[in-house]
Amino acid sequence: MTSVTRVSRMSGRGLSRLVTAAVAVALVGGTAGVAAAQGSGAQAAAAKKPSASAPVFPVGAFAENDNFYVYEVDGKGGLKPREARGPWKNVRELAQVDRDADGRHDGDYFISENGRDLKFQALTGRDTNLVPNYGYFYHGLIAPGDLGGGKETDLVALGKGGRANVRFNKFNGGLVKEIQLRGAEWGTYTELAGRGDYTGDGKTDIVAHDRDGVLWLYKGTGSTTKPFAARTKVGGGWNKYNHLFSNGDTDGDGRSDLLARDGKGALWLYKGTGKAAAPFKAPVKIGNSGWNQYRVVS
Ligand SMILES: [Ca+2]
Ligand SMILES: [Ca+2]
Ligand SMILES: [Ca+2]
376 MTSVTRVSRM
386 SGRGLSRLVT
396 AAVAVALVGG
406 TAGVAAAQGS
416 GAQAAAAKKP
426 SASAPVFPVG
436 AFAENDNFYV
446 YEVDGKGGLK
456 PREARGPWKN
466 VRELAQVDRD
476 ADGRHDGDYF
486 ISENGRDLKF
496 QALTGRDTNL
506 VPNYGYFYHG
516 LIAPGDLGGG
526 KETDLVALGK
536 GGRANVRFNK
546 FNGGLVKEIQ
556 LRGAEWGTYT
566 ELAGRGDYTG
576 DGKTDIVAHD
586 RDGVLWLYKG
596 TGSTTKPFAA
606 RTKVGGGWNK
616 YNHLFSNGDT
626 DGDGRSDLLA
636 RDGKGALWLY
646 KGTGKAAAPF
656 KAPVKIGNSG
666 WNQYRVVS
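Structure follows, in structure tokens:
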């Protein structure tokens with residue numbers, strides 16, 4: 376499986392570590408029951424090939440002790456048991472990226488603990504320091520995909536005082552353009568999430584979770600001056616979740632999905648529909664417990 380090689384390199388520094396420490400450990404997510412139920416005796420449909428608008432990433436998770444774990448998708452709508460990658464220190468926020476638009480992970484942006492710098496790390500492992508002190512101004516970094524700056528994945532993060540920052544990136548994180556999205560709504564969000572296309576038009580979209588528990592969809596436009604259309608309401612009741620993120624097309628049906636962690640540490644999959652009016656199906660629990668042990672899940 377090429378995916379083993381790919382994920383073994385997810386930590387960048389973890390290549391040699393794979394041999395000694397990449398031991399599959401006890402299943403934290405508890406996906407077995409869900410997978411069996413969905414299989415219902417028949418082989419699940421063949422997974423669609425990953426694409427830029429519906430990529431397939433592993434889920435990366437940092438425990439409090441900086442130990443880093445990776446969960447691969449299992450091809451049945453869930454995640455495989457976690458694999459330990461050993462310690463990966465100095466990461467405050469992580470955003471995996473697909474730089475060459477083939478739908479597969481090949482680099483990471485991250486905000487460092489030390490200095491709160493925005494950094495980029497290709498799979499070859501060397502860090503590139505992009506913006507010193509970025510993390511003092513912005514938080515909730517996501518890399519949803521290309522928003523208009525070229526095929527390279529662009530970045531969005533929340534800022535202080537009702538704004539969000541959009542960085543249109545060149546290859547290896549060089550800057551094409553940076554804009555601030557301003558407006559009171561941006562000050563109400565606790566978190567952004569998104570990976571690829573949720574509306575079926577091939578353009579990258581994001582969602583935003585506000586303090587009142589409402590989830591909003593921002594349809595991507597492909598424009599570097601106005602990368603999102605006016606928001607539309609997805610629905611309420613999202614405050615039962617303390618973290619939203621996406622690893623792309625979790626269940627392999629060719630549409631990007633959303634993941635949500637609840638207050639009890641369970642993990643829920645919201646399968647994407649590809650329709651802006653109702654972008655997600657009803658949630659399916661794909662991890663029973665344990666996800667709240669992680670300080671960062673991406
Ligand atoms: Ca790629
Ligand atoms: Ca879209
Ligand atoms: Ca999907």
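All residue numbers for the sequence shown refer to our numbering, where the first residue is 376 and numbers rise by one. A virtual CB, placed ideally from N, CA and C, is assigned to each residue, including glycine.
Three-way DSSP call (helix, strand, coil) for residue i in this model
i, result
"W561", "helix"
"W643", "strand"
"G548", "helix"
"G510", "helix"
"K660", "strand"
"K608", "strand"
"A666", "The residue you asked about is not Ala; residue 666 is Trp in the sequence shown. In the structure shown, W666 sits in a helix (DSSP, three-state: H, G or I)."
"L390", "Since pLDDT at L390 reaches only 29, below the 50 mark, its modelled position is unreliable, and the value read off the structure follows with that caveat. Reduced to three states, the DSSP call for L390 is helix."
"N489", "coil"
"N614", "helix"
"Y573", "coil"
"V589", "coil"
"R538", "strand"
"D637", "strand"
"A429", "coil"
"P654", "coil"
"T377", "Low confidence applies to T377: its pLDDT is 32, below 50, so where it sits in the model is not reliable, and the reading given next is rough at best. Residue state, collapsed to three classes: helix."
"E439", "coil"
"W599", "Residue identity differs from the one stated: residue 599 is Thr in this sequence, not Trp. If DSSP states are grouped into helix, strand and coil, T599 belongs with coil."
"S673", "coil"
"T503", "strand"
Supposed close pair residue i, residue j - CB separation, criterion 8 Å
i, j, result
"L461", "F443", "For the record, residue 461 in the displayed sequence is Gly; it is not Leu. Rounded, the Cβ-Cβ distance is 7 Å, consistent with contact."
"D676", "T565", "Nothing about residue 676 can be reported from this structure: the residues present for the chain run from 376 to 673 only."
"K660", "A641", "6 Å"
"T599", "G523", "4 Å"
"R467", "R491", "7 Å"
"A518", "T528", "5 Å"
"R493", "L505", "Correcting the residue type first, residue 493 is Leu in the shown sequence and not Arg. Indeed they touch by this definition, with Cβ atoms about 5 Å apart."
"L685", "W613", "The question about residue 685 has no answer, for the chain in this structure spans 376 to 673."
"G662", "S621", "Not really, about 15 Å apart at Cβ, beyond 8 Å."
Classification of residue i by the beta-carbon crowding that lies within 10 angstroms, buried from 16 upward
i, result
"L592", "buried"
"D580", "buried"
"E447", "buried"
"G558", "exposed"
"Q555", "exposed"
"G626", "Rather than Gly, the amino acid found at residue 626 in this sequence is Asp. Classification of D626: buried, given that the 10 Å Cβ count is 16 or more."
"E439", "exposed"
"A470", "buried"
"P507", "exposed"
"A652", "exposed"
"G610", "exposed"
"Y513", "buried"
Proximity test, residue i beta-carbon vs ligand 3 heavy atom, cut-off 7 Å
i, result
"K646", "yes"
"S428", "no"
"S631", "yes"
"D628", "yes"
"D624", "yes"
Distance cut-off 7 Å: residue i Cβ against heavy atoms of ligand 5
i, result
"L633", "Ligand 5 is not part of this structure, which contains only ligand 1, ligand 2 and ligand 3."
Cutoff 8 Å: residue i Cβ touching any chain C Cβ
i, result
"A559", "Of the protein chains in this structure there is only one, and it is not chain C."
Q: Under 7 Å from any heavy atom of ligand 1, by CB: list those residues in chain order, please.
A: Listed by position in the chain, the residues whose beta carbon lies within less than 7 Å of some heavy atom of ligand 1 are D473, R474, D475, A476, D477, G478, R479, H480, D481.
Q: Just jot down, in chain order, the residues whose CB lies closer than 7 Å to any heavy atom of ligand 2.
A: Every residue whose Cβ sits closer than 7 Å to any heavy atom of ligand 2 is listed here in chain order: D572, Y573, T574, G575, D576, G577, K578, T579, D580, K594, G595.
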